[in-house]
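Asker:
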Amino acid sequence: MIDNGIDKSRIPKHVAVIMDGNGRWAKQKGKSRIFGHKNGVRAVRDTIEIAAEIGVKFVTLYAFSTENWNRPKDEVSSLMELLVFTINKEIKTLMENDIALQAIGDLKSLPKNCYRELMKAIEKTSSNKRMTLVLALSYSSKWEIMNAVKEIAKQVELKKMTTEDITEENFASYLCTTNIPDPELLIRTSGEHRISNFLLWQIAYSELYFTEKLWPDFRKEDFITAITDFQKRERRFGKTSEQLSNMMQ
Ligand code: IPE
Ligand code: IPE
Ligand code: MG
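Right under this line is the structure:
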């Protein structure tokens, strides 16, 4: 039952990751920011592999935010190229490991070739069952929530829905993450303690884990450390500790 020091019976179903620190990692080495992004791919691979190995069902990686469009043009285009290149290169591994790819965000705003390759990979891997890898691309939570609100308002306007129909569950079905359970654990690397417009609705009750490690240095054992830390926490959901221990008896 205990493997790598982790309790196999309490593996989070969904782990979300804010992959941060590529630029600083490169700067420390006197290299360009894009060198940092390229070296972040190994950490992506390690994370996906270990997550699948221990039985996590969903991994969401924050790869590019709406706000990241404001970075220097050459960094943005290099990131998009890297994305297409990596998807093409990794699709074989995804198939071999029975991993499905999904994406959330304003995908239509991606460069055409990027969008096309992404859709191809999503389609190709769609019947894979072991785990789902969700890439957050051109994603921001405020954008997602605004979209949901507009869509719901439209439905009400068309009288296909009344305000009484708007429940938490129904609202969540208008988000990009419909059919994806909320993450129990959110990891952010690079020592920054902020959410940066990521999954605001979905992390309402997630456990947050911050590490100083810069993303390109993040390895399987760091993921395991985050999981063991998560497993030590008492998730009370507003109840008292005593109520929880009574429920266990
Ligand atoms: C994360 O690393 C990758 C993306 C946001 C695309 P950064 O590029 O943000 O690296 P730092 O934070 O500048 O070190
Ligand atoms: C968050 O990282 C976005 C991604 C990891 C894709 P940033 O580096 O863009 O976040 P801020 O700007 O430091 O908050
Ligand atoms: Mg950053």
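Sequential numbering of the sequence shown, starting at 493, is according to my numbering.
All C-beta atoms, glycine included, are put in the ideal place defined by N, C-alpha and C.
Values in this document were obtained by computation on a predicted structure and should not be read as measured data.
Quick one: is ASN531 near chain B, going by C-beta distance under 8 Å?
Answerer: Of the protein chains in the structure, only one exists, and it is not chain B.
Asker: Flag ALA555 as yes when its Cβ comes closer than 7 Å to any non-hydrogen atom of ligand 2, and as no otherwise.
Answerer: Correct: ALA555 has its Cβ closer than 7 Å to ligand 2.
Asker: Does DSSP classify HIS506 as helix, strand or coil?
Answerer: Note: HIS506 maps to strand in three-state DSSP.
Asker: According to the neighbour-count rule (16 or more other Cβ atoms, all chains shown, within 10 Å of its Cβ), is PHE550 buried or exposed?
Answerer: Buried is the call here.
Asker: Please tell me whether, using a cut-off of 7 Å, the distance from the CB of GLU636 to the nearest non-hydrogen atom of ligand 2 is below it.
Answerer: No.
Asker: Relative to the alpha-carbon of GLU699, which residue among GLY683, PHE715, GLU643, PRO675 has its alpha-carbon at the smallest distance?
Answerer: Ranking GLY683, PHE715, GLU643, PRO675 by Cα distance to GLU699 puts PRO675 first.
Asker: In chain order, what residues of the same chain have a beta carbon less than 8 Å from the beta carbon of ARG502, not counting five sequence neighbours either side?
Answerer: Closer than 8 Å at the Cβ level, and outside the excluded window around ARG502, lie GLN723.
Asker: Is it true that the CB of ARG622 sits closer than 8 Å to the CB of ALA555?
Answerer: No. Outside cutoff.
Asker: Using 7 Å as the cut-off, classify the Cβ of GLY528 as near or not near the heavy atoms of ligand 3, replying yes or no.
Answerer: No, ligand 3 has no heavy atom inside 7 Å of this Cβ.
Asker: Within its chain, find whatever has a CB closer than 8 Å to the CB of THR654; leave out the 5 residues flanking it on each side and keep chain order.
Answerer: If we look at THR654 and ignore the five residues flanking it on each side, its Cβ neighbours are VAL648.
Asker: Going by C-alpha to C-alpha distance, which of SER619, SER630, LEU625 sits closest to LYS600?
Answerer: Minimum Cα distance to LYS600 is reached at SER630.
Asker: Quick one: does the C-beta of LYS730 sit closer than 7 Å to a heavy atom of ligand 3?
Answerer: Note that residue 730 corresponds to Gly in the displayed sequence, not to Lys. Result no, Cβ not under 7 Å from ligand 3.
Asker: Could you tell me whether the Cβ atoms of PHE690 and SER633 are closer together than 8 Å?
Answerer: It is a contact, given that the beta carbons lie within the stated cut-off.
Asker: Measure the alpha-carbon distance for ASN560 versus SER569 and round it to whole angstroms.
Answerer: Cα to Cα, the separation comes out at about 11 Å.
Asker: The beta strand (DSSP E) spanning THR552 covers which residue range?
Answerer: 550-557 is the span of the beta strand (DSSP E), which, as asked, contains THR552.
Asker: Bridge partners for ILE591 per DSSP, in chain order?
Answerer: DSSP lists MET623 as partners of ILE591.
Asker: According to DSSP, TYR631 sits in a beta bridge with which residue or residues?
Answerer: In the DSSP output, where bridge partners are listed per residue, TYR631 has SER557.
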